[in-house]
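Residue numbers (this note's numbering): 88 to 420.
Following this line, the structure appears as C-alpha cells:
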C-alpha cells in the first residue's frame with residue numbers, strides 16, 4: 088500500500104507514527120507494515136560522559152540492535168510507567184493506541200527516537216499486524232484502560248486475544264507475550280486458591296470483567312497445551328469466521344473459546360507467555376515496595392502502578408516465569 092506523509096491533528100489518521108518534538112501538534116508518518124527494531128547510535132545520557140540513564144532494569148548494549156516491544160495500554164497508568172522504564176532501558180517500543188486517545192497523552196516521550204505509535208481499534212487486524220511486526224516482546228496492560236463495570240462489554244478481552252494469537256503465530260520474531268490480568272483470574276494450571284475464590288465472590292458486581300479475565304487465561308493455557316480448550320456446541324458457519332481464519336466466540340459465553348484454525352493442534356506456539364496476576368488494589372504514587380512472583384497466594388497489600396511496571400519489565404528477561412501465571416505480590420517489609 089502506498090503511503091504518504093501527513094501533517095495535522097494527531098488523532099486524524101490511523102497508522103504508525105514516529106514521535107517528533109520539532110512539530111506540534113505531533114508530526115507523523117504512517118509507516119509501512121515493517122516496524123522492526125533499528126540500530127541506535129546513542130542513548131540518552133545522565134551526564135555528558137555518556138553514561139546510560141539510571142534505571143532498575145538493565146540497559147541494552149547500544150552496539151547491538153535494541154529489542155522491540157509492542158505495548159498495548161500505554162495510555163493507562165501502569166502502561167505509562169512501563170513505557171518510560173522500557174525506553175530508559177534501551178528498548179524500542181511501538182505503543183498501540185485507540186483512535187479516541189490523543190497523542191498528547193504521550194507528549195513527554197516526543198523526544199524519544201525509539202518510540203513509535205500505531206493507532207487502531209482492538210478489532211483492526213491490519214493495524215495489530217503492523218504494531219507487532221518485528222517485535223520480540225508483546226506486552227498487554229489493558230486493564231487500566233478498560234471501561235467501568237457498568238459499561239464493560241462482555242468478552243472484549245478474550246475476543247481481542249483470540250484475534251491476537253494468529254498474528255503472533257505468523258510473526259516469527261515474537262518470543263514472549265506478557266498479559267497483565269488480575270489476582271481474581273484463574274491460573275493457567277491448577278486450582279484457584281481459597282482466598283481468590285472468596286474475593287471473587289465478593290466482586291460479583293464485576294462479573295463480566297472477572298469472567299473475561301478467566302476466559303483469557305483459559306484461552307492462553309489451551310493454546311500452549313496446558314488446558315483442554317472448551318469447545319462450543321454451536322456449529323459455526325463460514326460466515327462467522329474472521330479474515331485470519333479464526334473461529335468467532337459466542338457473545339453470551341466468552342469462556343467458550345477454541346484453538347485458532349491457523350494453529351497446528353499438535354504444536355504449541357513458538358513463543359512463550361507470562362500471565363501476571365497483580366492485586367486489583369493498584370494505587371498511584373512513587374515506587375514503594377519490591378514486587379515478587381508468588382505461585383500460591385495473591386497479595387493482600389496494594390501495589391503501586393510504577394512498581395508493577397518495573398516488575399513486568401524485569402519479567403521480560405526472567406525465563407523462570409515463562410509459561411506461568413504468577414501472582415504479583417508486595418513484600419511485607
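Idealized CB from N, CA, C, for every residue including glycine.
Which same chain residues, not among the five before or five after residue i, have their C-beta less than 7 Å away from its C-beta?
i	result
residue 379	416 and 418
residue 308	275, 276 and 314
residue 166	158, 160, 228 and 231
residue 366	270, 385, 386, 389 and 390
residue 311	355, 356, 360 and 410
residue 268	300, 303, 304, 362, 363 and 364
residue 398	378 and 415
residue 251	215
Report yes if the CB atom of residue i is closer than 8 Å to the CB atom of residue j, and no otherwise.
i	j	result
residue 178	residue 218	no
residue 208	residue 185	yes
residue 266	residue 362	yes
residue 66	residue 242	Since the first residue of the chain shown is 88 and the last is 420, residue 66 is not available in this structure.
residue 374	residue 393	yes
residue 274	residue 222	no
residue 396	residue 172	yes
residue 190	residue 204	yes
residue 410	residue 359	yes
residue 201	residue 170	no
residue 422	residue 263	With the chain covering 88 to 420 only, the question about residue 422 has no answer from this structure.
residue 226	residue 156	yes
residue 176	residue 400	yes
If you run the structure through DSSP and keep just helix, strand and coil, what is residue i?
i	result
residue 388	coil
residue 252	helix
residue 188	coil
residue 264	strand
residue 158	strand
residue 314	coil
residue 370	strand
residue 414	strand
residue 247	helix
residue 360	strand
residue 400	helix
residue 205	strand
residue 180	strand
residue 378	strand
residue 323	Here residue 323 scores only 34 on pLDDT, less than 50, and its place in the model is too uncertain to base an answer on.
residue 275	coil
residue 306	helix
Just checking residue i against the ligand FAD - is the residue's beta carbon closer than 7 Å to any of the ligand's heavy atoms?
i	result
residue 212	Of ligands this structure carries none, so the ligand FAD is not represented either.
Within its chain, find whatever has a CB closer than 6 Å to the CB of residue i; leave out the 5 residues flanking it on each side and keep chain order.
i	result
residue 188	162
residue 377	418
residue 258	219
residue 370	389 and 391
Going by beta carbon distance, what residues of the same chain come within less than 8 Å of residue i, once the five residues before and after it are set aside?
i	result
residue 239	233, 293, 295, 296 and 299
residue 254	212, 215, 216, 219 and 331
residue 381	413, 414, 415 and 416
residue 368	388, 389 and 390
residue 244	229, 233, 299, 300, 302 and 303
residue 272	297, 300, 301, 303, 304, 362, 364 and 412
residue 196	106, 170, 171, 174 and 202
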